[in-house]
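Enquirer: In our numbering, the protein residues as written are 551 to 695. For each residue, glycine too, the CB sits at the ideal point set by N, CA and C. It should be emphasised that the depicted structure is a prediction, and the values quoted were computed from it without experimental measurement. Got a structure here, written out as structure tokens. Questions coming.
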């Protein structure tokens, strides 16, 4: 606990060499390049390793500068995440209830390709420490019937 507190305190008080942080005090913003708005319905296919594959549906919704993501995998329930985009990269975090009363937390990192198609890697904790794969392939826009 002491090490974590020390690390956080060090990061919060560390000087920055970014001129924009000194002059504006605002977070960096990046313009989207390549694919435009990636909101929509997607097929989701992934691998948990050792031949264990999964599939489902993902819904990506843009809310101002943030993306909200909902995954529904197999016949199981859905789970939600929040993502930030930088150019052709989307990073998303998520959390779900664990089997034994705890919480499983994870992070996905996607490369956005034309289509759009999101090629990703993900991991979770608690877990085995391995990075798994996932691909989201665009189905349709949110406003289509």
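Closer than 6 Å by C-beta to residue 674: which residues in its own chain qualify, once you throw out the five before and the five after it? Chain order, please.
Expert: Taking the first residue of the chain shown as 1, we reach residue 674 at position 124. These residues qualify, in order along the chain: 654 and 656.
Enquirer: Would you check if the distance between the CB atom of residue 633 and the CB atom of residue 641 is smaller than 8 Å?
Expert: Start at 1 with the first residue of the chain shown, and residue 633 comes out as number 83. Start at 1 with the first residue of the chain shown, and residue 641 comes out as number 91. In this structure, residue 641 lies closer than 8 Å to residue 633 by Cβ.
Enquirer: Determine the direct distance from the alpha carbon of residue 613 to that of residue 662, and round the result to whole angstroms.
Expert: Your numbering for residue 662 matches position 112 in the chain shown. Your numbering for residue 613 matches position 63 in the chain shown. Cα to Cα, the separation comes out at about 18 Å.
Enquirer: What would DSSP say about residue 574, mapped onto helix, strand or coil?
Expert: Numbered from its first residue, the chain shown carries residue 574 at position 24. Because residue 574 carries a pLDDT of 43, less than 50, the predicted location of this residue cannot be relied on, and no value is offered for it.
Enquirer: DSSP three-state call for residue 671: helix, strand or coil?
Expert: By 1-based counting over the chain shown, the position of residue 671 is 121. Strand, per DSSP.
Enquirer: Thinking C-alpha only, which one of 643, 606, 637 and 617 is nearest residue 626?
Expert: Taking the first residue of the chain shown as position 1, residue 626 is located at position 76. If we check each option's Cα against that of residue 626, 606 comes out closest.
Enquirer: Considering only the alpha carbon of each residue, which of 690, 593, 660 and 635 lies closest to residue 682?
Expert: Position 132 of the chain shown, counting from 1, holds the residue named residue 682. The residue with the shortest Cα to Cα distance from residue 682 is 660.
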